[in-house]
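**Student:** First, the structure itself, so that you have it in front of you.
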């Protein structure tokens, strides 16, 4: 966040934060007033966003510490025993176990709900509401795993967890659940004659001439993305078609970046998904080793201790252990930029990135947060690499 604060101070003082980049400086001078106004607003929003994120993580760690630390957890257990909460032996689960899971998942739900509504607002439809309420299903998931654990042992439970984690991988999820026909209802075929000859040759080489689509309901933001589905690869374009027609350099440079993703095929995505899945499995086994063997004196069952540690991992720590996969995905973006440069669109791509980004987001991201959270390097980092 320090980098974002320093960037904000330079912007608000009217200083060019990218004075060492002559090309970017020229672009800024062409639209100086709008640039400083928009970047000042977005840097303020970014700092507020980072502060709220840090606060949420601190609150979550504070809540989970009461369940992880022996001293505080025993106080919670004592409170439950005195108040006789969930005294009945529901679903063959001891009252203390169920109560602790309900309490910890509800606390996590409240904290995360505050964070999500602060960032994204009140949910507008059922799908968003379900996403917001995901932690409320944790007690039911606990009951199912508990049943399998005590009736069939650990192996079936681990198989269930392994299958669920595999399905959660974005690549696997898209293969299993993404309905391409439904997705394409909001798109129409893009006229590939708008591309220059180099792009057309690449479309023919990758055999995707008929797989380029543009949104029927364009929004202000111009963007493109590649969707890989079994043997079919789609390139989806967001934005106004007329703007692309009037700006062929932007169209060709942005699309050349997407061709870089197309050229990589499926192997890298499969490798990254497999690595993420294996890392999850490894950490689950480590949690099992420490929780099942170090908490035998706890009043809670060994399984409940294991489940609480899993909650801490999946709700907080997982984002940080998956930094390595973000590095791999970030390398994919860097490769796509290099691919665009090799096709001769480097300068146009850098300019397009600048023009598209500066009105809608902060150009200079917090380096640590960006490293931990985002697949794409910051816009200015990408521009520097392209210029080199």
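Numbering (this note's numbering), first residue to last: -16 to 371.
Note that the Cβ used here is the ideal one computed from N, Cα and C, for glycine as well.
Everything numeric in this text was worked out from a predicted model, so none of it was measured.
Quick test of the definition: if touching needs 3 or more C-beta pairs under 8 Å, does the region 127 to 138 touch the region 285 to 293?
**Tutor:** yes
**Student:** Kindly examine the ligand FAD and report whether one of its heavy atoms sits closer than 7 Å to the Cβ of residue 4.
**Tutor:** Inclusion of the ligand FAD in the displayed structure is not the case, the ligand content being empty and no account of it being possible.
**Student:** Taking 8 Å as the cut-off, decide whether the C-beta atoms of residue 293 and residue 310 are in contact.
**Tutor:** The Cβ-Cβ distance between residue 293 and residue 310 does not fall below 8 Å.
**Student:** Just the C-alpha distance for residue 371 and residue 336, rounded to the nearest angstrom, thanks.
**Tutor:** Taking the Cα positions, residue 371 is about 15 Å away from residue 336.
**Student:** So if DSSP puts residue 215 in a beta bridge, which residue, or which two residues, is it bridged to?
**Tutor:** 212
**Student:** Give a yes or no on whether the minimum CB-CB distance between residue 81 and chain B is below 8 Å.
**Tutor:** Looking at the structure shown, chain B is missing, and only one protein chain is on hand.
**Student:** When we look at the beta-carbon of residue -13 and count the other beta-carbons within 10 Å, is it buried (16 or more) or exposed?
**Tutor:** With 16 or more other Cβ atoms from the protein chains shown falling within 10 Å of its own Cβ, residue -13 counts as buried.
**Student:** Measuring CA to CA, which of 2, -6, 32 and 16 is closest to residue 23?
**Tutor:** -6
**Student:** Would you mind giving the Cβ-Cβ distance between residue 46 and residue 94, rounded to the nearest angstrom? I have them listed as a contact below 8 Å.
**Tutor:** 7 Å
**Student:** Around the Cβ of residue -11, are there at least 16 other Cβ atoms within 10 angstroms (buried) or fewer (exposed)?
**Tutor:** It is exposed - the Cβ of residue -11 has fewer than 16 other Cβ atoms within 10 Å.
**Student:** Please identify the residue among 239, 321, 248 and 127 whose C-alpha is closest to the C-alpha of residue 211.
**Tutor:** When only C-alpha atoms are compared, the closest one is 248.
**Student:** For residue 191, which three-state DSSP category applies?
**Tutor:** coil
**Student:** Count the CB pairs spanning the region 187 to 201 and the region 214 to 232 that are closer than 8 Å, and state whether there are at least three.
**Tutor:** yes
**Student:** So residue 182 packs on residue 218, CB below 8 Å; how close in whole Å?
**Tutor:** So it is not a contact: roughly 11 Å between Cβ atoms.
**Student:** Report the three-state DSSP secondary structure of residue 76 (helix, strand or coil).
**Tutor:** Low local confidence applies: a pLDDT of 49 at residue 76 is under 50, so the model's placement there is unreliable, with the coordinate-based value given in what follows. In the structure shown, residue 76 sits in coil (DSSP, three-state: anything other than H, G, I, E or B).
**Student:** Does DSSP put residue 71 in a helix, in a strand, or in coil?
**Tutor:** Residue confidence for residue 71 is low, a pLDDT of 49 falling below 50, so the modelled location carries little weight and cannot support an answer.
**Student:** Decide yes or no for the touch test of the region 256 to 273 against the region 295 to 315: beta carbon pairs closer than 8 Å, at least 3 of them.
**Tutor:** yes
**Student:** Is residue 346 closer than 8 Å to residue 363 when the C-beta atoms are compared?
**Tutor:** Taking 8 Å as the Cβ cut-off, residue 363 and residue 346 qualify as a contacting pair.
**Student:** Measuring straight from C-alpha to C-alpha, what distance separates residue 299 and residue 351?
**Tutor:** 17 Å
**Student:** Span of the beta strand (DSSP E) holding residue 170?
**Tutor:** 170 to 172
**Student:** According to DSSP, is residue 204 helix, strand or coil?
**Tutor:** coil
**Student:** Mind checking whether residue 295 and residue 41 have CB atoms under 8 Å apart?
**Tutor:** no
**Student:** Which residues in the same chain have their Cβ closer than 7 Å to the Cβ of residue 236, if we skip the five residues on either side of it in sequence?
**Tutor:** 323, 328, 331, 332 and 335
**Student:** Count the other C-beta atoms from every protein chain shown that fall within 10 angstroms of the C-beta of residue 139, then say buried if there are 16 or more, exposed otherwise.
**Tutor:** exposed
**Student:** Does the separation of the CB atoms of residue 316 and residue 251 fall below 8 Å?
**Tutor:** no
**Student:** Short of 6 Å in beta carbon distance, which residues of its chain neighbour residue 242, apart from the five on each side in sequence? Order them along the chain.
**Tutor:** 185
**Student:** Measuring CA to CA, which of 176, 33 and 123 is closest to residue 231?
**Tutor:** 176
**Student:** For residue 19, which residues of its own chain have a beta-carbon under 7 Å away from its beta-carbon, when the five flanking residues on both sides are left out?
**Tutor:** These residues qualify, in order along the chain: -6 and -3.
**Student:** By how many angstroms is the C-alpha of residue 14 removed from the C-alpha of residue 147?
**Tutor:** 50 Å
**Student:** Bridge partners of residue 220, per DSSP?
**Tutor:** 197 and 207
**Student:** Label residue 80 either buried or exposed according to how many other C-beta atoms from any shown protein chain fall within 10 Å of its C-beta, with 16 as the threshold for buried.
**Tutor:** buried
**Student:** CB-CB under 6 Å to residue 163, same chain, minus the five flanking residues each way: which ones, in chain order?
**Tutor:** 212
**Student:** Taking residue 12 as the reference, which of 149, 91 and 338 has the closest Cα?
**Tutor:** 338
**Student:** Within its chain, find whatever has a CB closer than 7 Å to the CB of residue 365; leave out the 5 residues flanking it on each side and keep chain order.
**Tutor:** 320 and 336
**Student:** Would residue 228 be called buried (16 or more neighbouring beta carbons within 10 Å of its own) or exposed?
**Tutor:** exposed
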